[in-house]
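Numbering (my numbering), first residue to last: 97 to 497. Glycine included, every Cβ here is placed at the ideal spot set by N, Cα and C.
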Amino acid sequence: EAERQEGEASEDVNRAGIPQPWTEITLAKDMHLHDRLELYRSVLRAVSEPPKPKQGEDAEVGFQLPHEPSEADLRLLASLGSILGLAPAEVFSIHQEASVARFRERAQSYLGQDEVDEARRETLLGMAREAGLPAEVAESVVETLKLQSLVASLQLAHRMGALSLDRIRALRRGGVDVAKLMSAEMRLALFRQERYAGQCQDAQPGTQSFFSAAALSHTVSAQGFPRADVDVTAARTARNRVAVLRNDYKALTDEMATLLHTLHAQERSSSSSSSVRVSSGMRESAVPSGLSLAAPIAVPAHDPAPRPPHVTSAFAVAEDVAEGSPAAAAGVRKGDRLMALAHVTAEGGLAALSSAMPSLENRSIEMLVERGAERVSLKVTPQQWAGRGLLGVYWLPVGGV
Numbered sequence: 097e098a099e100r101q102e103g104e105a106s107e108d109v110n111r112a113g114i115p116q117p118w119t120e121i122t123l124a125k126d127m128h129l130h131d132r133l134e135l136y137r138s139v140l141r142a143v144s145e146p147p148k149p150k151q152g153e154d155a156e157v158g159f160q161l162p163h164e165p166s167e168a169d170l171r172l173l174a175s176l177g178s179i180l181g182l183a184p185a186e187v188f189s190i191h192q193e194a195s196v197a198r199f200r201e202r203a204q205s206y207l208g209q210d211e212v213d214e215a216r217r218e219t220l221l222g223m224a225r226e227a228g229l230p231a232e233v234a235e236s237v238v239e240t241l242k243l244q245s246l247v248a249s250l251q252l253a254h255r256m257g258a259l260s261l262d263r264i265r266a267l268r269r270g271g272v273d274v275a276k277l278m279s280a281e282m283r284l285a286l287f288r289q290e291r292y293a294g295q296c297q298d299a300q301p302g303t304q305s306f307f308s309a310a311a312l313s314h315t316v317s318a319q320g321f322p323r324a325d326v327d328v329t330a331a332r333t334a335r336n337r338v339a340v341l342r343n344d345y346k347a348l349t350d351e352m353a354t355l356l357h358t359l360h361a362q363e364r365s366s367s368s369s370s371s372v373r374v375s376s377g378m379r380e381s382a383v384p385s386g387l388s389l390a391a392p393i394a395v396p397a398h399d400p401a402p403r404p405p406h407v408t409s410a411f412a413v414a415e416d417v418a419e420g421s422p423a424a425a426a427g428v429r430k431g432d433r434l435m436a437l438a439h440v441t442a443e444g445g446l447a448a449l450s451s452a453m454p455s456l457e458n459r460s461i462e463m464l465v466e467r468g469a470e471r472v473s474l475k476v477t478p479q480q481w482a483g484r485g486l487l488g489v490y491w492l493p494v495g496g497v
């Protein structure tokens, strides 16, 4: 009798339009964790999309931003999380990622092509507080947007021929971390570029008469002999020197363009693929239904650097290694802790690993993993195969959910 009354009460609640968590049904053992997380993310994206205009209504003109899920949507998502067998911390992490993504889109829509100055920075932080994001997350996203806008402005300055060390010094005086914005290789290339430009200017005054077409074609007399009033040897030496400097200057200009393009691509890929995870000190019991957004999170670094002389820590764990995959063929095992893959280390994290994989396809590269108390060096070739990805490994961050 008690069970019948409980069932009727549950049906009444469901008829009222309030879904109940189905704790008796779970797909935890029937689906891989990665697939369950992706399914939850796809549903969350669907309920966060802007509403489509009804028949007979005019669609709004312009770009529409994602919105916060409604209370009914959140209850549906809570039921879905229970059915998928997701832990509260896993659900919390997905909602945290979605909130950060929505804030980033709103911030980019607000900024447009403008740089992040102090006034705009305060406005963005206010928008983050209104969205309920922790201060640490807001600071991280705003800093990323600031770097992206600075990189875009540097690219524009380079195309206009206005990129100089004076501009970089001005950024440094303005409090910009130049070492984070530009690699040492890029700063050295800019220094060499300006040095060659100065040498070209120094070489020009004394030989300027030899750079006109007339001077170049009349270094000999009408009879075919060297002109007595012209130091032909000095002129040819000067012309050759300036030609070499100009070629070097052009090569450095092209190198600067390539480095700026690479930096811009890294900023874009890392901001779009960087995973957001809850801090390791948070307890699952402290997250109510996985829907609170009040706890701080950690965002992995997004500036992949060249591989250091030695690697000291792992940054990802192989949660699953698919049979027949390139990783399995190379000897990667479930539970291996990834310390380095080619140039990607803990400094770049999973974000750098994701952005670097396309450039590593079909190349034999070194992988350093930690297996128990040992360090194992493997050779792996990322490539297309029958399964997903180029390696066939599902990585989880060390210390993450």
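Per the DSSP secondary-structure output, Y490 pairs in a beta bridge with D416.
Nearest in C-alpha terms to A412, of all of Q480, D126 and R467, is R467. Taking the Cα of E164 as reference, the smallest distance to any Cα among D131, P184, L180 and E201 is reached at E201. Under the three-state reduction of DSSP, L123 is assigned to coil, being neither helix nor strand. Under a 10 Å Cβ-count criterion, S138 is classified as exposed, with fewer than 16 other Cβ atoms of the shown protein chains found around its own Cβ. In this structure, A203 and L243 do not form a Cβ contact; the two beta carbons are roughly 13 Å apart against a cut-off of 8 Å.
Distance from the CA atom of L487 to the CA atom of L173, rounded to whole angstroms, is 32 Å.
Taking all protein chains shown into account, E186 has 16 or more neighbouring C-beta atoms within 10 Å of its C-beta and is therefore buried. Across the set L474, M453, A227 and L129, the C-alpha of L474 shows the shortest separation from the C-alpha of A424. Assigned with DSSP and collapsed to three states, S460 falls in coil, not helix or strand. For S473, DSSP records a beta bridge to L464. The continuous beta strand (DSSP E) containing L434 extends over residues R433 to L437. Counting the other Cβ atoms within 10 Å of the Cβ of F321 gives fewer than 16, which makes it exposed. In the DSSP annotation of this structure, the continuous segment of the alpha helix (DSSP H) that includes H130 starts and ends at L129 to S144.
Here the stretch 414-430 does not lie against the stretch 451-460, with fewer than 3 beta-carbon pairs under 8 Å apart.
Rounded to the nearest whole angstrom, the CA to CA distance from R216 to L207 is 8 Å. Per DSSP, reduced to three states, the secondary structure at V428 is coil, with no helix or strand assignment. Contact check for G181 and A124: beta-carbon distance about 3 Å, within the 8 Å limit, so the pair qualifies.
Setting aside the 5 residues that flank it on each side, W481 is surrounded in the same chain by G420, S421, P422 and G488, each with a C-beta closer than 8 Å to its C-beta; the list follows chain order.
Under the criterion of beta carbons closer than 8 Å, R433 and V476 do not qualify as touching, at roughly 15 Å. For the pair V237 and V196, the CB atoms are nearer than the 8 Å cut-off. A direct Cα-Cα distance of roughly 29 Å separates L135 from M223.
In this structure, the straight-line span from the alpha carbon of L437 to that of S166 is close to 42 Å. Residue pairing by DSSP puts V440 in a beta bridge opposite L437. If you ignore the 5 residues before and after A452, its C-beta comes within less than 6 Å of the C-beta of V440, all in its own chain and listed in chain order. Here A318 is exposed, its C-beta having fewer than 16 other C-beta atoms within 10 Å. Burial state of R225 is exposed, judged by a 10 Å Cβ sphere holding fewer than 16 other Cβ atoms. Closest by C-alpha distance to V417, out of R484, M435, P454 and R471, is R484. Under the three-state reduction of DSSP, F411 is assigned to coil, being neither helix nor strand. Taken atom to atom, the span from the alpha-carbon of F199 to that of L492 is near 25 Å.
Residue state for R484 is assigned as coil, using DSSP reduced to three classes.
In this structure, A442 sits away from A469, with a CB-CB distance that is not shorter than 8 Å. Pairing S450 with H191, the inter-Cα distance amounts to about 21 Å. Take the alpha-carbon of E145 and the one of L229: they are about 20 Å apart.
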